[in-house]
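Q: Input: one structure, supplied below.
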Amino acid sequence: MNIVDVGPGGDAGGSYGWRIKEGTASFDFSTLPDPGNLIDPVAEYAQPGSGGGTVLEVGISVTGGFVYRGADIPALDGRYVFADWSTTFSAPGAGTLLGMESDGDGGWEISVLDLVGDNPLPYFINAFGRDEAGELYIAAKTQLAASGTNNGQPTGVVLRLRDGEQQSLTLTPSRDTSIYAANTANSNGAGTNLFSGATSNGAVQRALLTFDIATAIPPGSQIDAATLQVQINSLPPQPAGAGIFTLHRGLTDWGEGSSNSTGGSGAPATSGDATWINNFFPDTTWNTPGGDFTPTASATTDTGATTGLFSFSSAALAADVELWSATPASNCGWFLIGGTENRSTRRFSSRETTTAANRPALTIDFIPAPAHDRYLAWRRGFLPPGTFIDDAADLDNDGLANLIDYAFAFDPTAFDSTGRPTVSITPEGDFLLTYRRDPRATDLTYRAEVSSTLLPELWSPLAESAAGAATTGPGFVSEVPIPGEKPLLLVTVRDTIAAPDGTIRFLRLFVERTP
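Below is the structure:
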């Protein structure tokens, strides 16, 4: 049993029983007899699998902390914050953050802190600290030994506890359309309606919707709930078939073109439309006609035989959103699928419908990750937890500093031969600089500059983006998503500053990180 032998009015000079007892449990009488005046802890927890009964089973060793008196996390005010060192002796560790507070009846309760992300953390938790404002910091490592390293690099980290307050937002689709089994070259990308189910003669239709999750949700956020609301605005000829509809996560990306039909058969597909055969008409096809999606539904709802607003919500639906937030390239939207029996089809309002309240709406409840968490997520994506990385060094020896790898969302351990900044000349003789930008990296400033000399004080700004904001400046041309790499952007900047003929011009991209 592990003990927490702290509390108000501690008994100075008293004996808490080690090693005769652990907590309130007998442990070892071989060294000393029980003196009979041992002081029990105010609270205790047990090792996992020990059968602690009503006692919380957490870990194997207490790491002491502090009573929280900071201002950043009101919910922790007055709570004793501490940790269990780790549930395992294997790297990288599994330390659990804990809290203890009065139960109101003279006792004390221990609880596992609710964190954005996992708790236990992937570390051995060694110590706590606090600053002059009362905010708490955690010293941790991913190696068991105090001097343990990973490839010669330190593995210690210092983490700060920050508040994570739930937020909510509602999105309309960035794309939606319908595909038709009986009219395999038709679509309805620009139409005001979506169709799903089976017609009176059994012809199957499916609706597709996708939402721009990566732009709306900060990376690393914890998704608590997701609800999709749709409006049925028309029923098939009576008697209408069953109104059970399911949402399935898409597995292949698809397009929305300019096809437009008010009827239930669609209109001839235009370039980029999704159809029953093509995910992007006319160039690429689905792996399976009718679209590629998970066979297991993420959510189901029964709309009955009425029109109106209906909702889909489930833990699996929230998991889809969390997946798309973490890996934007996997966001292929949902397939809205109805029954295959005759007259099961329904007509839904699309994102193009005139009345905004009737458009499909995805409401997401989430806890945003702390600011600058993108750097941690990038580092963890390519390196073991806790690995030290020097921004100025070049881990993969490809000529790009680690900071630039981060700014471009490159792998710092792999040679990057493509995706580097490029310079070209327009027919008018202007220089164009193009480079990648990660809008999730709110700790970065990207600044394109021009000069006729390499003296540091003579560079002139062309465009700048700071803290994830859009790029602006006298030379800014465009900023567009990089296909297949959302939310990464490709920025183009033009040097139009007048200069005498024959003047040497230098362009550079300056990247600065504010930890």
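Positions in the sequence shown are counted from 1; adding 168 to them yields this note's numbering.
Glycine included, C-beta positions come from ideal geometry on N, C-alpha and C.
1. Leaving out five residues before and five after aspartate 562 in sequence, what residues of the same chain have Cβ atoms less than 7 Å from its Cβ?
2. Roughly how many whole angstroms lie between the Cα atoms of proline 655 and alanine 382?
3. Take leucine 362 as the anchor and find which of Ala384, Asn565, Glu424, Glu303 has the nearest alpha-carbon.
4. What span of residues does the beta strand (DSSP E) with alanine 486 cover, start to end?
5. Taking Cβ positions, are valine 325 and threonine 340 nearer each other than 9 Å?
6. Find the nearest neighbour of glutamate 212 within the set Leu224, Pro536, Leu415, judged by alpha-carbon distance.
7. Just to confirm before moving on: does the CB-CB distance between isoleucine 133 and alanine 487 stay below 9 Å?
8. Just the Cα atoms here: how many angstroms apart are aspartate 470 and threonine 414?
9. With DSSP collapsed to three states, give me the class of leucine 568.
10. Closest to serine 254 by CA distance: which of Tyr603, Thr522, Leu266 is it?
11. Is proline 176 helix, strand or coil when you go by DSSP?
12. One question on the structure: do arginine 374 and serine 389 come within less than 9 Å of each other, judged by their Cβ atoms?
13. Under the rule that 16 or more other beta-carbon atoms within 10 Å means buried, what is leucine 477, buried or exposed?
14. Just curious, the beta strand (DSSP E) that isoleucine 381 is in, first and last residue?
15. Provide the residue(s) that pair with serine 346 in DSSP beta bridges, ordered along the chain.
16. Just the Cα atoms here: how many angstroms apart are proline 405 and valine 661?
17. Excluding the 5 residues flanking asparagine 170 on each side, which residues of the same chain have their C-beta closer than 8 Å to its C-beta?
18. To the nearest angstrom, report how far apart arginine 676 and isoleucine 593 are at their CA atoms.
19. Quick one: residues in its chain with C-beta nearer than 6 Å to the C-beta of valine 174, no 5 flanking neighbours on either side, listed in chain order?
20. Would threonine 639 pass as a contact of tryptophan 502 if the rule is Cβ separation under 9 Å?
21. Within the 9 Å Cβ cut-off, does serine 258 reach chain B?
22. Taking 8 Å as the cut-off, does the CB of threonine 610 come closer than this to any heavy atom belonging to the ligand GTP?
23. Considering Cα atoms alone, identify which of Asp421, Arg330, Gln399 is closest to tryptophan 492.
24. Under a three-way DSSP split, which group does tryptophan 253 fall into?
25. Check alanine 524 in the structure and name its three-state DSSP category.
26. Who does proline 649 pair with in a DSSP beta bridge?
27. Under a three-way DSSP split, which group does alanine 211 fall into?
28. Quick check on DSSP: helix, strand or coil for glycine 227?
29. Sort Val645, Thr474, Asn294 by Cα distance to serine 315 and report the nearest one.
30. Roughly how many angstroms separate the alpha carbons of threonine 323 and aspartate 611, rounded to a whole number?
31. Hey, could you find the ends of the beta strand (DSSP E) valine 280 is sitting in?
32. So what does DSSP say about arginine 519, is it helix, strand or coil?
33. Please report how far the alpha carbon of glycine 185 lies from the alpha carbon of isoleucine 207, in whole angstroms.
34. So, at 7 Å on beta carbons, what are the nonlocal neighbours of proline 617 in its own chain, with the 5 sequence-adjacent residues on each side left out?
35. What does the alpha-carbon distance come out to for the pair proline 649 and leucine 657?
36. Between arginine 542 and aspartate 606, what straight-line distance do the alpha-carbon atoms span, to the nearest angstrom?
A: If we stick to the structure as given:
1. Leu568, Ala569, Asn570
2. 6 Å
3. Glu424
4. Where alanine 486 is concerned, there is no enclosing beta strand (DSSP E), although the alpha helix (DSSP H) it sits in stretches over 483-494.
5. no
6. Leu224
7. Outside the shown range of the chain (169 to 683) lies residue 133, about which nothing can therefore be said.
8. 9 Å
9. coil
10. Leu266
11. Below a pLDDT of 50, predicted positions are generally treated as unreliable, and proline 176, at 47, falls in that range; the measurement from the model is reported next regardless. If DSSP states are grouped into helix, strand and coil, proline 176 belongs with coil.
12. no
13. exposed
14. First-last for isoleucine 381: 381-384, but that is the alpha helix (DSSP H), not the beta strand (DSSP E).
15. Ala375
16. 57 Å
17. Low confidence applies to asparagine 170: its pLDDT is 46, below 50, so where it sits in the model is not reliable, and the reading given next is rough at best. Glu190, Gly191, Glu212, Tyr213, Ala214, Gln215, Val226, Gly227, Ile228, Ser229, Val230, Asp252.
18. 15 Å
19. Low confidence applies to valine 174: its pLDDT is 47, below 50, so where it sits in the model is not reliable, and the reading given next is rough at best. Around valine 174: no qualifying Cβ.
20. no
21. The structure shown has no chain B; it contains just one protein chain.
22. Absence of the ligand GTP from the depicted structure is noted, as is the absence of any ligand whatsoever, leaving it without description.
23. Asp421
24. coil
25. helix
26. Leu657
27. strand
28. coil
29. Asn294
30. 22 Å
31. 276-280
32. coil
33. 7 Å
34. The displayed chain sequence assigns glutamate, not proline, to residue 617. Within the same chain, glutamate 617 has close Cβ partners Trp627, Ser628, Pro629, Leu630, Arg676, Phe678.
35. 4 Å
36. 9 Å
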